[in-house]
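Right, one structure below, let's go through it.
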Amino acid sequence: DQQVKQNSPSLSVQEGRISILNCDYTNSMFDYFLWYKKYPAEGPTFLISISSIKDKNEDGRFTVFLNKSAKHLSLHIVPSQPGDSAVYFCAASAAFFMGLTFGEGTQLTVNP
Amino acid sequence: SQTIHQWPATLVQPVGSPLSLECTVEGTSNPNLYWYRQAAGRGLQLLFYSVGIGQISSEVPQNLSASRPQDRQFILSSKKLLLSDSGFYLCAWRPLRGTASSYEQYFGPGTRLTVT
């Protein structure tokens, strides 16, 4: 039962353009959502998060949008840079002390 | 500042051998601790979490166990490894911030386990 889904295994964009990574979830109990960036053979790095009481959160070049009715969230990176090339994971949680449920990740490649 | 350590970084073990992976956190007290596993080409799967010394919650029935003998130490173990235990094992911690608790978890560098 895949409760968090990232349907695009890969995404390729040009440097300077916008990258949009998408994530869908099925569990209505999730109330907090996070995005992580991961390089091979390293632990994930926290990027940005959003509570279910909000629909948008910004941090520099990164913006996360949440559509609760559609059970959908997205990460926008503007402008995209070659250093952004990595695997991006969407994650969700139903309680602050519990573990995170991760999607399968999207490989982002930003071409110079 | 807080840091999280995991060792060993890589491990190759034969089927049927025991396993012990260790995770320690520095610079914080009473963190929530987590073990995840990432199989090749997949997302991260939560294995265990702990909210305090001696308290372990298991998410997935399997060949593994976890223990928390000290506040900032989290150990993942197995008595007999299976081929399917191969993967990238990640420890994470979550800070307690009083009533304004944060959901963000911070990950260690991981251990690459290959069972042969």
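So the sequences go chain by chain: R and W.
If you use this note's numbering, the first sequence closes out at 513, no skipped numbers anywhere.
If you use this note's numbering, the second sequence closes out at 121, no skipped numbers anywhere.
Yeah, the Cβ is synthetic: ideal placement off N, Cα and C, and Gly gets one too.
Quantities reported herein were computed from a predicted structural model and do not represent experimental measurements.
Delimiting residues of the beta strand (DSSP E) encompassing residue i
| i | result |
| --- | --- |
| PRO74 (chain W) | 70-75 |
| LYS439 (chain R) | 433-439 |
| LEU448 (chain R) | 446-452 |
| PHE53 (chain W) | 49-57 |
| GLU393 (chain R) | What is shown of chain R runs 402 to 513, which leaves residue 393 (chain R) out entirely. |
| VAL465 (chain R) | 463-468 |
| ASN428 (chain R) | No beta strand (DSSP E) holds ASN428 (chain R); DSSP gives it neither H nor E. |
| PHE490 (chain R) | 487-494 |
Under the three-state DSSP convention, the category residue i falls into
| i | result |
| --- | --- |
| ASP402 (chain R) | coil |
| GLN24 (chain W) | The displayed chain sequence assigns Leu, not Gln, to residue 24 (chain W). Strand at LEU24 (chain W). |
| GLY113 (chain W) | coil |
| THR104 (chain W) | With a pLDDT of only 41 at THR104 (chain W), under the threshold of 50, the placement of this residue in the model should not be trusted, and no figure is reported. |
| GLY504 (chain R) | coil |
| LEU88 (chain W) | helix |
Own chain partners of residue i with C-beta closer than 7 Å, once the 5 adjacent residues on each side are dropped
| i | result |
| --- | --- |
| PRO13 (chain W) | THR116 |
| GLU459 (chain R) | none |
Any C-beta of chain R under 7 Å from that of residue i
| i | result |
| --- | --- |
| PHE79 (chain W) | no |
| TRP98 (chain W) | no |
| ARG47 (chain W) | yes |
| TYR39 (chain W) | yes |
| TYR94 (chain W) | no |
| LEU16 (chain W) | no |
| GLY59 (chain W) | no |
| PRO36 (chain W) | no |
| PRO114 (chain W) | yes |
| LEU69 (chain W) | no |
7 Å Cβ cutoff, residue i in contact with chain W
| i | result |
| --- | --- |
| SER486 (chain R) | no |
| SER494 (chain R) | yes |
| PRO445 (chain R) | yes |
| GLU387 (chain R) | A query on residue 387 (chain R) cannot be resolved here, the shown segment of chain R reaching from 402 to 513 and no further. |
| SER413 (chain R) | no |
| SER475 (chain R) | no |
| PHE400 (chain R) | With chain R covering 402 to 513 only, the question about residue 400 (chain R) has no answer from this structure. |
| TYR489 (chain R) | no |
| GLN404 (chain R) | no |
Own chain, CB closer than 8 Å to residue i, minus 5 neighbours either side, in chain order
| i | result |
| --- | --- |
| PRO445 (chain R) | TYR437, LYS438, LYS439 and PHE490 |
6 Å CB neighbourhood of residue i in its chain, flanking five on each side removed
| i | result |
| --- | --- |
| THR15 (chain W) | ARG117 |
| THR104 (chain W) | Unreliable placement is indicated for THR104 (chain W), whose pLDDT of 41 sits below 50; the coordinate value is still reported in the next sentence. So no residue of the chain qualifies. |
| VAL30 (chain W) | ILE9, PRO36, ARG77 and TRP98 |
Classification of residue i by the beta-carbon crowding that lies within 10 angstroms, buried from 16 upward
| i | result |
| --- | --- |
| ASP456 (chain R) | exposed |
| VAL20 (chain W) | exposed |
| GLN7 (chain W) | exposed |
The ligand COA heavy atom lying under 6 Å from the CB of residue i
| i | result |
| --- | --- |
| SER82 (chain W) | Questions concerning the ligand COA fall outside what the structure shown contains, since it holds no ligand whatsoever. |
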